[in-house]
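In the order they appear, the protein sequences are chains V and F.
Note that the working numbering has the first sequence beginning at 2, numbered continuously upward.
Note that the working numbering has the second sequence beginning at 2, numbered continuously upward.
There are 2 protein chains.
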Amino acid sequence: MINGRMVLLIMGLLLVVEGAFMLLSSVVAAIYGEYDLPYFLWSALICISIGGVLSATNYKAEKNLGKREGYIIVSMVWVVFSFFGLLPFYLSGAIPSFTDAFFETMSGFTTTGSSILNDIEALPHGILFWRSLIQWLGGMGIIVFSLAILPLLGVGGMQLFVAEVPGPVAEKLSPRIADTAKRLWVIYVLYTVVETLLLWVGEMNLFDAICHSFTTMATGGYSTKQASVAAYTSPYTQYIIIIFMFIAGANFTLSYNALHGRVRKVFKDEEFRYYFGFVILVSVLVAGVLYFSGDVNNVEQAVRDALFQVVSLITTTGYATADYLVWFPTLSIIMFMLMFIGGSAGSTGGGIKVVRIVLLLKNAYFELKRLIHPNAVIPVRFNSKAVSPTIITNVLAFIVIYMLIVGVSMIIMSFMGYDLNTSLGAVATCIGNIGPGLGEVGPAANFAHIPDFGKWFLSFLMLIGRLEIFTVVLLFSPHFWKN
Amino acid sequence: MINGRMVLLIMGLLLVVEGAFMLLSSVVAAIYGEYDLPYFLWSALICISIGGVLSATNYKAEKNLGKREGYIIVSMVWVVFSFFGLLPFYLSGAIPSFTDAFFETMSGFTTTGSSILNDIEALPHGILFWRSLIQWLGGMGIIVFSLAILPLLGVGGMQLFVAEVPGPVAEKLSPRIADTAKRLWVIYVLYTVVETLLLWVGEMNLFDAICHSFTTMATGGYSTKQASVAAYTSPYTQYIIIIFMFIAGANFTLSYNALHGRVRKVFKDEEFRYYFGFVILVSVLVAGVLYFSGDVNNVEQAVRDALFQVVSLITTTGYATADYLVWFPTLSIIMFMLMFIGGSAGSTGGGIKVVRIVLLLKNAYFELKRLIHPNAVIPVRFNSKAVSPTIITNVLAFIVIYMLIVGVSMIIMSFMGYDLNTSLGAVATCIGNIGPGLGEVGPAANFAHIPDFGKWFLSFLMLIGRLEIFTVVLLFSPHFWKN
């Protein structure tokens, strides 16, 4: 039996928390004195009262939480948060279409960053703040929510950790999960504050610095400018954002180690080394092609444009300082391929994740070795430990299902009349939680022109991608519901 | 130590055989009395004398053949055959560029079918016959060559069987490989004769019927018409070709069973059932979209166009009766995806192969089951037998390396200025041994406009694809050359 009351209790408490963050946004609205203030208060009231009623009526639920309840809560929270989180956009009229408001909110909470807005600067500050805040909340997402809040309820959250921590290898930071969550939260907040200050020192005002820090650390990619980060032309600002995108795309436990002086441990981490090496390698390649193809005539700018776009896509942030679709064709192909890599496990990045790609490539390499030495036992190693075949088959299954979903989704998008590039780009960027795609949804365009059905469908892909597929697929499997 | 003399002996004998087939083409040239006759005789002379010298000087080689010698011969024979096989095209001036002649010949022997010819009908009959014949020879390729010729030399060819039989599961037809090879050869010839007669009864003349039968059974796709099979508008001809393409894309051991009255065994074969079901399913979908999108206004033609294009691409034949790039966008996306499936193992088809795709999907499905029942042992089954994890990791490695090669090759093609569609389409169609691609190399276009470097590179991809990657990759691996 599924403990439905416990699920409702937790959802109720989480809704109250969402309402509290709306109240925070209402403070921003009040400071700027714009028209959005009352709508934040109404939205917060709705969240807190419904959440309150849910919590109060289920307060006496049995405090046990199984794997299935964990899966259900993790999958539901994004949907519920998005339906309530769209209220400020929708009630204030900032986004008049309900579908658009849902798309924008789901794109926020899943830290995707695909947008339907055609005139971002016209929106009031409270709305822009809320839009960035939902990415920030989504970024650490259920890692922190489930690890900090659920243990407070006195229930073991380890089952959620299994369901939610991105990537197949979840190194335990500390045996006590609530502690872990709080430590990661502190690091997350710390980075956000430091980035805000560094951006504020540059050409951004405090408001824009806060909003961009929110969406950098979440690898979300929402900007307060229609032109994205391209609106800020100073190399300083762009380099700061590159550095923090890179940090946000790395495993947060590494940041924890680094901040405690264990820097060597960071560079001993195999996923990090591949992540770092790959970013450098691809950026050098892109910078070279940018310069020698004549797309960019200045070496520093070629390096900066390359680094920015490469880091933005591999970390699945999705900011843009250039339109890669108008670059030399090789570069848009490279950018497209980056969409299938994604950040590190344990980061806020989406996508397939560096560790999975590395395991896959290593397995392929060792398979060749095995072909020549058919009797030798050659296990794949990661971080000096042998990786069990079970993990390899799991990674394989993940990627197969990921690609299968991409394939079927492309076909669904194409029914709306979109060509291969646009269909593939929209699907890859949404399931990878990136932001911009290819063709008609490239970095210089947006998702406003997609029909309503397509927006709901892409929102669903964002959710699937954010929950690393298995969680959601399981919910639709009849096996899951059998006792 | 690699037994180099034995390698040279076998290559010599094979060259003599190639020369003999050139003499066969010279008969066709003589019948039509066109200008290509002397060039066939010269080419045959060159092949037979070089082959003869190689065989004669290495006649005393030790008659032992290891795995490595097997790999080397299999990989080399396509290159050597292509370099000699281009002689009639090049010497006669039918294809004035050496690069083009090599591309066309490699595309023939690998049964790819991508062409650089802009005016096929202008060529003499001998040349057209040779062009079809090299596909026919390539089609059963080294399966037959290595199984029929090598045992005649008194050496066990089983190691070649390991290196060459397409697909991971090689069911033994008979313990005696020479027998097997001869039986498959008989079936192959039989099908070719039957198809020739059936096509001849229709609107084709005998010459065109023979040439198209050659390239159907090889899943090659070279046509004697610039417009490909679209030049033959009668539904009868198109249906005949659909049926034989389908047969050629199925495992030949199934044909052996069927022709011996064991039809039930055919439908019990799991790969065949997926292959059959998938063709029907996708064809129905394509026919539906074709009809309801208004691309084709006639139900019978919609079904026929769908079946033809679907079967042509999944079997990697590459004939066309319609330009799928001008169809409703969904359809060109489906056609593109078919390029990544390929024929059955043990067929003349290229690509990834149905069995690998099925194993991958099954593994993914079972992984989901395992997630819910983490303690249950749930092996993947194929043809009612449990598939060992070793085979699954091997299949995984195959597909990863395949996709990696596609990715890197796309980038290399894009350096020549081709966009995503053309780069991806050219690479996918060449490594999959299909024929037509996307964009500027679609079914209504050809490969003439590709720069020389690109043609050599794509020829290499055809070879890699034909040899199912591992064989070629191993040759470039330092491990391979260590004792």
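All residues carry an ideal CB built from backbone N, CA and C; glycine is no exception.
These numbers were taken from a predicted model, which means no experiment stands behind them.
Taking buried to mean at least 16 other C-beta atoms within 10 Å of its own C-beta, is residue i buried or exposed?
{"i": "S93(F)", "result": "buried"}
{"i": "N434(F)", "result": "buried"}
{"i": "N364(F)", "result": "buried"}
{"i": "H374(F)", "result": "exposed"}
{"i": "V355(F)", "result": "buried"}
{"i": "Y233(F)", "result": "buried"}
{"i": "K483(V)", "result": "exposed"}
{"i": "R305(V)", "result": "buried"}
{"i": "G347(F)", "result": "buried"}
{"i": "L198(F)", "result": "exposed"}
{"i": "R357(V)", "result": "buried"}
With 9 Å as the threshold, decide whether the Cβ of residue i is near any Cβ in chain V.
{"i": "A251(F)", "result": "no"}
{"i": "L421(F)", "result": "yes"}
{"i": "K370(F)", "result": "yes"}
{"i": "A398(F)", "result": "yes"}
{"i": "V311(F)", "result": "no"}
{"i": "S478(F)", "result": "yes"}
{"i": "V355(F)", "result": "no"}
{"i": "H126(F)", "result": "no"}
{"i": "P330(F)", "result": "yes"}
{"i": "M2(F)", "result": "no"}
{"i": "M12(F)", "result": "no"}
{"i": "I412(F)", "result": "yes"}
From the options, pick the residue whose C-alpha is nearest to that of residue i; which is it?
{"i": "T216(V)", "options": "I117(V), P125(V), R263(V) and G109(V)", "result": "G109(V)"}
{"i": "N4(F)", "options": "G71(F), E368(F) and M141(F)", "result": "G71(F)"}
{"i": "L425(V)", "options": "L476(V), I51(V), E469(V) and M338(V)", "result": "M338(V)"}
{"i": "D37(V)", "options": "R69(V), G13(V), L88(V) and L10(V)", "result": "L88(V)"}
{"i": "A398(F)", "options": "I51(F), N447(F), E301(F) and I353(F)", "result": "I353(F)"}
{"i": "T331(V)", "options": "Y320(F), Y233(F) and I413(F)", "result": "I413(F)"}
{"i": "V28(V)", "options": "T225(V), F208(V) and D120(V)", "result": "F208(V)"}
{"i": "L203(F)", "options": "P236(F), K226(F) and T225(F)", "result": "Note that residue 203(F) is Gly in the sequence shown here, rather than Leu. Among P236(F), K226(F) and T225(F), the Cα nearest to that of G203(F) belongs to P236(F)."}
{"i": "L14(F)", "options": "Y60(F), L24(F) and W43(F)", "result": "Y60(F)"}
{"i": "P452(V)", "options": "A427(V), M12(V) and I248(V)", "result": "A427(V)"}
{"i": "G408(F)", "options": "G466(V), I342(V) and I393(V)", "result": "I342(V)"}
{"i": "Y257(V)", "options": "Y189(V), G350(V) and V283(V)", "result": "Y189(V)"}
{"i": "V283(F)", "options": "I335(F), F448(F) and S56(F)", "result": "I335(F)"}
{"i": "F84(F)", "options": "G53(F), I47(F) and V267(F)", "result": "I47(F)"}
{"i": "L468(F)", "options": "C212(F), V401(F), M77(F) and K269(F)", "result": "M77(F)"}
{"i": "F277(F)", "options": "A57(F), Q227(F) and M246(F)", "result": "M246(F)"}
Less than 9 Å between CB atoms is the rule here; does residue i satisfy it with respect to chain F?
{"i": "H213(V)", "result": "no"}
{"i": "S76(V)", "result": "no"}
{"i": "V401(V)", "result": "yes"}
{"i": "L15(V)", "result": "no"}
{"i": "F162(V)", "result": "Reliability of the predicted coordinates at F162(V) is poor, the pLDDT of 33 falling under 50, and the value obtained from them is presented with this limitation in mind. Taking Cβ atoms only, chain F never reaches closer than 9 Å to F162(V), which makes this a no."}
{"i": "L291(V)", "result": "no"}
{"i": "I73(V)", "result": "no"}
Who are the Cβ neighbours of residue i in its own chain at under 7 Å, not counting the five residues just before and after it?
{"i": "I96(V)", "result": "F90, A102 and E105"}
{"i": "I51(V)", "result": "L16"}
{"i": "L462(V)", "result": "S410, V428, C431 and I432"}
{"i": "T113(V)", "result": "C431, N434, I435, G436 and M463"}
Excluding sequence positions up to five away, which residues of its chain have a Cβ less than 6 Å from the Cβ of residue i?
{"i": "V474(F)", "result": "none"}
{"i": "Y320(F)", "result": "G222, S229, V230 and S313"}
{"i": "A30(V)", "result": "D37, L38, F41 and G127"}
{"i": "N384(V)", "result": "E271"}
Could you pull out every residue in the same chain whose Cβ sits closer than 8 Å to the Cβ of residue i, ignoring the five residues on either side in sequence?
{"i": "S175(V)", "result": "With a pLDDT of 37 at S175(V), under the threshold of 50, the modelled position of this residue cannot be trusted; read the value that follows with caution. Only T181 and R184 meet the Cβ criterion."}
{"i": "P39(F)", "result": "none"}
{"i": "A21(F)", "result": "A45 and I49"}
Cβ closer than 9 Å: which chain V residues qualify as neighbours of residue i?
{"i": "S333(F)", "result": "S415, D420 and L421"}
Residue i touches chain V at which residues, Cβ-Cβ below 7 Å?
{"i": "T394(F)", "result": "N364, E368, P390 and I393"}
Give the interface partners of residue i over in chain F, defined as CB-CB distance under 8 Å, in chain order.
{"i": "G408(V)", "result": "M338"}
{"i": "S424(V)", "result": "P330 and I334"}
I want to verify the contact list: residues of chain V whose CB lies under 8 Å from the CB of residue i, in sequence order.
{"i": "V474(F)", "result": "L369"}
For a contact meaning CB atoms closer than 9 Å, what does residue i contact in chain F?
{"i": "F471(V)", "result": "E368, L369 and L372"}
Report whether the distance from the Cβ of residue i to the nearest heavy atom of the ligand PLP is below 8 Å.
{"i": "L138(V)", "result": "Annotation note on the ligand PLP: not contained in the displayed structure, which lists no ligands."}
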